[in-house]
Amino acid sequence: MWLDEADGFAEIFKGYLPYYLLVALPIFIIMSPVNPVAASHEFSVYRMQQYDLHTVPHGCRSASFNLEGRSLSSWSTSRHCVVAHIQDITIEQFMEVRSKAGALLLVLPKNDTVLTPEEKEHIQLLEMAMTQQEINAPVYFAKWSPEFEDIIKDLQHGFITDDKSGTALEAMFNTVSSNGYQIVVSASTPQKMESKPVTIHGKLVGRSGAAQTIVIAAHYDSAGLVPELSQGADSNASGAVALLELARIFSRLYSTAAVRGGPSLVFVLTSVGHSLNYFATKKWLEEQLDSTDATILTDVSFVMCLDSLSSPQLTMHVSKPPRAGGAANSLRSRLKVPIVHKKINLADELLAWHHERFSIRRMTAFTLSSLQSHKDPARSTILDTPSETSLKNLASHIAVTARALASHIYNLTDEENDEDPAIYDDALAVEEASIKHWYEYLSSQPRAPQIVTTSSPNAGVTAALERALSRYMDTTVSTHAIDKREPEYTLYSPVRALLYVYSVKPAVFDLILTLAIIAYLTVVYFAIQLFPRFYEEYAKLVTGKAKVH
Amino acid sequence: MTLYHFGNCLALIYAPYHMAYKFSGISEYATFSKCLYAGGLYIFTQLCKMLLLATFFPDSDSGQITGEYDVFMEILKATVDFADLLGLYFALNSVPGKGHAKILTSAIGWASAEVVVTRSVLLWVGARGSEFDWRYVRSCAESNVALLQHAATAALVWLWTRSDLPRKHTPVVITLLALSPYRMLLEDAVASILSLSAWSLLALRALHASAIGLTALAMYAILAQQLGI
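Protein sequence lines correspond, in order, to chains L and W.
Using full-length UniProt numbering, read the first sequence as starting at 1 and increasing by one per residue.
Using full-length UniProt numbering, read the second sequence as starting at 1 and increasing by one per residue.
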């Protein structure tokens, strides 16, 4: 009997089954599309920034990966992609991930309000740690979504880890019951982006042509770990908004000959800020000072840079203490702000403040900022998002600055006893609606250099700012070129990609499934073999008589 | 997931059909062409059903989009499945030989055609992708139950055609036959009332199919004894 059954099994394989399948399957495989099924999860993810500054590499150096997803506690090799909430990963863990893991996927918090101040500080410190050195593994950031929450939960509670399971049976059960995730990002390899930083400047001409010039400058890009997610509300949407508002106020004053001030005002908006060493300002200064016919920067009284103006306390940052009796000192006494003095250190990789670019060219320059130190991590964080209190601070700082600047320009020595403060207020009133509008617009746009300087100057944020400034004065947009052979900086694409998450089972699972199927088929085989005998018994039972053949 | 997984699913579908064909003894009648014929009849019947559905239930898809579940409409649609019984009847008629050979040949041909038409594309597209889902394994197991179900239905149809069927069995056969187009509806209804999981629904189907199969087998056994075969 056993021999017969063995024969029956062999017959399955001896019959026509294998032969036509051998022909048909390869044909099907060739004919079928490469990726026949879409993943159940598809997400937009944003790559960590990648750039070279003076050929020193920064940020994440690769873009695509196809790895198994693991949680912070269960990953072990470079074949794993670590998936975690950004607030959960510590700096030590990140260091380990950087040196060993295959990829890193960080999910941002649902919104800022769920974060405690400690968590915010932690994220800012983490960002600083991440920008310090280059990372060879791809690093991506994703916005929060319920699906990601489920995936992270699954990964944390999944027991796929090789060392956790006790007995072989337990391990087998785990492989069947647990979910694995294969995480795939197929992006092109990082490529250099063509970056064309621009500077927008305009001039309000003063009463006498020969009088001094006051320069007001701000950069409008944002610096953040993730280009697509760096909104930069404080640094430096606030500075750009303040500059636009000052331009509006003084263009009104300067439009009538009777109240036009003495010095000319030059407004400068640059598209590359502290993250890339104020490159656009440097180039613009070279253009303006070194060419013979440019007259815009003759006899500069002082340069006022605006940077991060939406925290409560204004500070004046200088690289040289202002001369007593000088113009800068006169403005400072009118602003009544403390001075922070920091010498320029050319050995540093980055300049501390915007005004240092001007100070290097021997101009009196200072930066007005509500940050106390240039090392404040708030200057380059993805948590730099707009808020109502910031907007209020910004409006009051603009009002204070406008007042001080007007009082300096018109040389009003004692504004406190001004005879008619109403006129004064009216002329220098800050238009809150316009500030709010610009603040919200700028901080809703990702304005990292990777985005602002690579798009055409006739589109996006640059074009909007140019149009806004040109309502008040004649503006010029100058585009700067990066040195081809020794680039001051290089930016790399892609900044965003699509991430696919496939739920998968470990390879062992298929083997176990095969065993189960074989067991099932064996049962079916014996059921069919035993069916005649069963039928006999069954018929006897039904008819009540022995079946006669 | 992988080609290997696809192979697993294929084995789960194919092997029971193959074994049923090989070891039930009908292969000795050289009835492979008859199986093919039954399969052809299946496809033809489905085309006719589609024609009927498209003519009389034109907006059946819009209801699904809005999420409404019209019980009466579903029952009417299931009624069209009586055409299946007619098709099986023709398939039984075209197969020569003894009763059990007739029943098994047409059932296997019919069920194989159904598997090829309804499950092969789903499997090819789904089980070979990198995404894993239990659904594909389940669908393969379901096709095994379908074989049992079709065999039971074919047996009932054959019993119904016999004029020498014992009189007391006739109402049972006719009731079971009349209910057979609605069996999916009934199973789904029970599943939704008891809120069963997909695997329990599969078990319910298997139970239901074997219950009907055993009933049909009992009547067949009695008839066979009368005839002395």
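Ideal Cβ positions, reconstructed from N, Cα and C, are used throughout, including at glycine.
Note that this is a predicted model, so its numbers are computed, not measured.
Within 7 Å of the CB of residue 152 (chain W), no CB atom of chain L is found; the nearest one sits about 14 Å away. Per the DSSP secondary-structure output, residue 83 (chain L) pairs in a beta bridge with L:105. DSSP assignment within the stretch 96-145 of chain L yields the following whole beta strand (DSSP E) runs of 3 residues or more, N-terminal first: 103-107, 139-142. With a threshold of 16 other beta carbon atoms within 10 Å, residue 95 (chain L) falls short and is exposed.
In the three-state reduction of the DSSP assignment, residue 95 (chain W) falls in the coil class. If you look at residue 203 (chain L), you'll find it in the beta strand (DSSP E) that goes 198-204. Taking a cut-off of 8 Å for Cβ pairs, the stretch 489-501 of chain L and the stretch 184-196 of chain L touch, as three or more such pairs fall below it. When C-alpha distances from residue 183 (chain L) are compared across L:441, L:381, L:500, L:302, the shortest belongs to L:500. Per DSSP, the beta bridge partners of residue 193 (chain L) are L:491.
Annotation for residue 534 (chain L): the continuous alpha helix (DSSP H) segment containing it runs 507-543. Between the alpha carbons of residue 330 (chain L) and residue 408 (chain L) lies a gap of roughly 7 Å. Counting along the chain, the unbroken beta strand (DSSP E) around residue 180 (chain L) starts and ends at 180-185.
Between residue 213 (chain L) and residue 268 (chain L), the C-beta gap is not smaller than 7 Å, which leaves the two residues out of contact. Burial check for residue 270 (chain L): the Cβ neighbour count within 10 Å reaches 16 or more, so the residue is buried.
DSSP places residue 219 (chain W) within a helical segment (H, G or I) once states are collapsed to three. Contact with chain W is found for residue 505 (chain L), since one of that chain's Cβ atoms lies less than 7 Å from the residue's Cβ. Residues of the stretch 2-26 of chain W that bring their beta carbon within less than 8 Å of a beta carbon in chain L comprise 2, 3, 4, 5, 8, 11, 12, 14, 15, 16, 18, 19, 20, 22, 23, 24, in sequence order.
Ranked by how close their Cα comes to the Cα of residue 364 (chain L), the residues L:301, L:384, L:62 have L:301 in first place. Straight through space, the alpha carbons of residue 115 (chain W) and residue 39 (chain W) are spaced by roughly 10 Å.
Residue 489 (chain L) does not reach chain W, its nearest Cβ partner there being about 39 Å away, counting only Cβ pairs nearer than 7 Å. At a cut-off of 7 Å between C-beta atoms, residue 108 (chain W) does not count as an interface residue with respect to chain L. Separation of residue 71 (chain W) and residue 175 (chain W) (C-alpha to C-alpha, rounded to the nearest whole angstrom) is 21 Å.
DSSP lists L:340, L:367 as the beta-bridge partner residues of residue 317 (chain L).
Comparing alpha carbon positions, the residue from W:108, W:82, W:215 closest to residue 19 (chain W) is W:108. Listed as beta-bridge partners of residue 207 (chain W) by DSSP are no residues whatsoever. For residue 513 (chain L), the C-beta contacts it makes with chain W under 8 Å involve 5, 8, 137, in order along the chain. Between the alpha carbons of residue 144 (chain W) and residue 112 (chain W) lies a gap of roughly 10 Å. Under the 7 Å criterion on CB atoms, residue 28 (chain W) is classed as non-interfacial with respect to chain L. DSSP, read as helix, strand or coil, puts residue 71 (chain W) in helix.
By the Cβ criterion, the stretch 273-289 of chain L is not in contact with the stretch 325-344 of chain L, since fewer than three pairs of Cβ atoms, one from each stretch, lie closer than 8 Å. According to DSSP, residue pairing for residue 398 (chain L) in a beta bridge does not occur. Residue environment for residue 186 (chain W): exposed (fewer than 16 other C-beta atoms within 10 angstroms of its C-beta). Proximity to residue 188 (chain L) across L:536, L:507, L:47, L:354 peaks at L:47, based on C-alpha coordinates. Our two residues, residue 33 (chain W) and residue 22 (chain W), have alpha carbons roughly 14 Å apart in a direct line.
The shortest CA-to-CA distance from residue 44 (chain W) to any of W:90, W:220, W:214, W:212 is the one to W:90. Under the Cβ criterion (8 Å, minimum of three pairs), the stretch 502-516 of chain L does not count as touching the stretch 231-243 of chain L.
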